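As structure tokens, the structure follows; a few thoughts come after it.
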Amino acid sequence: MRIERLSATGTLRGLAELSALLIDVVEHGASIGFTLPISSEEVQSYWQKVAGDVAAGHKELLVAVDDRGAVLGSAQLALESRANGRHRAEVQKVMVRHALRGRGIGAALMVRLEHEAQAEGRTLLFLDTSTGTAGATAFYRKLGYTFVGGIPNYAANPDGRLVANAIFYKLLPAQGAVSSLHPFSAHEPAAASSP
Ligand SMILES: CC(C)(COP(=O)(O)OP(=O)(O)OC[C@H]1O[C@@H](n2cnc3c(N)ncnc32)[C@H](O)[C@@H]1OP(=O)(O)O)[C@@H](O)C(=O)NCCC(=O)NCCS
């Protein structure tokens with residue numbers, strides 16, 4: 000298994016597999032923005048929109064693939080572009096094929112997503128997930144995310160029932176924060192070393 004970052008073209012090329020992944024996850028009860036019945040048309044137009052966001056630089060899309068290139072899971076990073084929020088990004092739609100859960104694929108996607116976020120200069124990640132079995136609160140707690148709170152009746156589960164969400168965040172160390180310091184700044188002020 001390896002994690003790949005898809006371009007917009009790669010996203011469109013993988014449309015059928017990405018759509019199959021999303022349908023599999025929703026049909027197994029995940030609250031991830033869709034309700035049942037779910038149509039392949041709405042799912043395909045969703046991935047086309049993601050491809051547009053990737054092309055515009057607003058989003059990163061990661062996929063977990065097996066040795067033959069089959070898609071096992073995916074995760075997205077929505078990069079805030081407003082001037083006061085360019086240090087943050089939202090984790091969205093982390094999903095793994097139902098039959099392949101519990102093998103570390105979701106965690107591997109999140110580790111890579113965090114590296115990508117740091118490479119983009121993002122030091123705050125946030126997300127929301129549904130409470131109960133349709134969400135992934137235990138998963139995010141395991142990965143070191145802090146629970147903030149939730150909003151009652153926030154979203155409908157695939158079966159149409161309204162449930163609360165759970166909001167999480169994680170602070171990331173700034174990439175290169177230590178190495179970007181002046182090499183002598185701690186012990187040797189520039190003025191002292193000048194002739
Ligand atoms: C959440 C999801 C992505 C996890 O994927 P996964 O590949 O099964 O996760 P991993 O195997 O990498 O698990 C990582 C850790 O989280 C824990 N974990 C994962 N899902 C869990 C659950 N439902 N309950 C409790 N712990 C869970 C694992 O036990 C593991 O801990 P460990 O390292 O101590 O064993 C997957 O269950 C999924 O696709 N869910 C549906 C979509 C969804 O709800 N996404 C989140 C909303 S954005």
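Heads up: the sequence shown runs through residues 0 to 194, numbered per numbering that gives the first Met the number 0.
We put the CB at the ideal spot given by N, CA and C, even for glycine.
It should be emphasised that the depicted structure is a prediction, and the values quoted were computed from it without experimental measurement.
In chain order, what residues of the same chain lie with their CB nearer than 8 Å to the CB of ARG1, ignoring the 5 residues before and after it? Hits under 8 Å: ALA63 and VAL64.
Since ARG4 contacts GLU59 with CB under 8 Å, what's their CB separation in whole angstroms? 6 Å
Determine, using beta-carbon pairs with one atom in the segment 9-22 and one in the segment 45-60, whether at least three such pairs fall under 8 Å. yes
Can you look up GLY195 in the DSSP assignment and give me helix, strand or coil? The structure shown does not extend to residue 195, since the chain is modelled only from 0 through 194, so no value can be given for it.
With a threshold of 7 Å on Cβ separation, who are the neighbours of ILE150 within its own chain once the five nearest residues in sequence on each side are excluded? ALA163 and ASN164
Short check: CB of SER73 to CB of LEU108, under 9 Å? yes
Would you identify the three-state DSSP class for SER38, choosing helix, strand or coil? coil
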